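Quick note on my numbering: the sequence shown kicks off at 9 and runs consecutively. Think of the CB as a built atom: it goes at the ideal place given N, C-alpha and C, for glycine as much as any other residue. None of these values were measured; they are calculated from a predicted model.
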Amino acid sequence: MRINIAIDGPSAAGKSTIAKLLCKELGYVHLDTGAMYRCTALKALRNNIPLDEEEAVCHMLEGTDITLKPEGSVFLDGEDVSKAIREDAVSMAASDVSKLQHVRADLVARQQEMAKAKGFIMDGRDIGTVVLTDAEVKIYMTASAHARALRRLKQNQESGLSVSDLATIEKEIEARDWQDMHREFSPLKKADDAIEVDTSNLTIEETVARIREIAEPFLKLEG
Ligand code: DC
């Protein structure tokens, strides 16, 4: 029997990078739930739907196909939007639509359906607290805002995205954290049974090893 691993934490803490690498080691599939909020935001922006109009955004979402491919690319209604959803303008918009209760309900139901088969590492903000409350392993991954801003800057430069300066990125990260932690529905918080991993002073390899160590007793139980 395979297990599910939930990874929550603030933006740019390294959740996706670590989840991808650990998936390779374990033969598991990564589900990046943030990409689903990003797709919702991107489509709303493109269609000039105000991000705080819950009914309109929900109606749009009902007819929307979001597909997370096992190798990591993201498709919105059949279009590869893997790069478009990473633009800075989409990040805050994703945080905005993620405040809407019925948007969350729609996406959470999709995520729960996807993870039914087990063998997933799912990352987001509410995975351990709402989406997969029965995940065998729950990690709360954090890092200082400065460390996260440095990583995001490097990531954006490497992937050819438009790049803001470090101070702007750090401010944007702090604003988004605040909004994600203080929203009314499913705010970002550590699940009581999650283990906190602070990656500020850890390399990617050290972080993967640390999470693997936490998951090891449960992986041993796999048939
Ligand atoms: O992980 P990310 O930065 O790609 O997520 C984008 C936004 O989506 C984030 O600011 C908050 C929201 N989000 C959420 O509310 N719940 C999730 N499970 C994942 C993301």
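Please return the same chain residues whose Cβ sits closer than 7 Å to the Cβ of residue i, not counting the five positions on each side in sequence.
i    : result
V105 : Y45, T48, A49, A52, L59, V65, V111
V82  : A43, C47, L76, V89, S90, I93
I219 : I26, L30, I147, V205
What is the DSSP secondary structure of residue i, counted as helix, strand or coil?
i    : result
K51  : helix
A148 : For the sequence presented, residue 148 should be read as Tyr rather than Ala. Three-state result, Y148: strand.
L39  : strand
G136 : helix
S99  : helix
What are the boundary residues of the alpha helix (DSSP H) that residue i is part of?
i    : result
I26  : 23-34
I212 : 212-228
Keeping to the same chain, check which residues put their C-beta closer than 6 Å to that of residue i; ignore five residues upstream and five downstream.
i   : result
L29 : V216
Nearest to residue i by alpha carbon, out of the options?
i    : options                : result
K124 : L69, L39, A157         : L39
E178 : G168, I219, A155       : A155
H67  : D114, R184, K146       : D114
K23  : L140, E62, A151        : A151
G71  : L84, P78, E79          : L84
E144 : F128, A153, L158, A157 : F128
Are the C-beta atoms of residue i and some chain D residue less than 8 Å apart?
i    : result
G127 : As a matter of chain content, chain D is missing from the structure shown, which is built from one protein chain.
Could you please give the first and the last residue of the uninterrupted beta strand (DSSP E) stretch that includes residue i?
i    : result
I11  : From DSSP, I11 is part of no beta strand (DSSP E); its letter is neither H nor E.
I57  : It is not in any beta strand (DSSP E) - I57 carries neither H nor E in the DSSP assignment.
V205 : 203-206
If I measure Cβ to Cβ from residue i and keep anything under 8 Å in the same chain, skipping five residues before and after, which residues do I get?
i    : result
A202 : A14, D16, G136, K146, I147, Y148
A183 : M100
In chain order, which continuous runs of the alpha helix (DSSP H) of length 4 or greater are located wholly inside the segment 61-97? Scanning the segment 61-97 from its first residue to its last, the whole alpha helix (DSSP H) runs of 4-plus residues come out as 62-70.
If you scan the segment 150-192 from start to end, which runs of the alpha helix (DSSP H) of 4 or more residues do you find wholly inside it? 153-166, 174-190
Enumerated in chain order, which unbroken segments of the alpha helix (DSSP H) with a length of 4 residues or greater are wholly contained in the segment 101-134? Runs found: 109-122.
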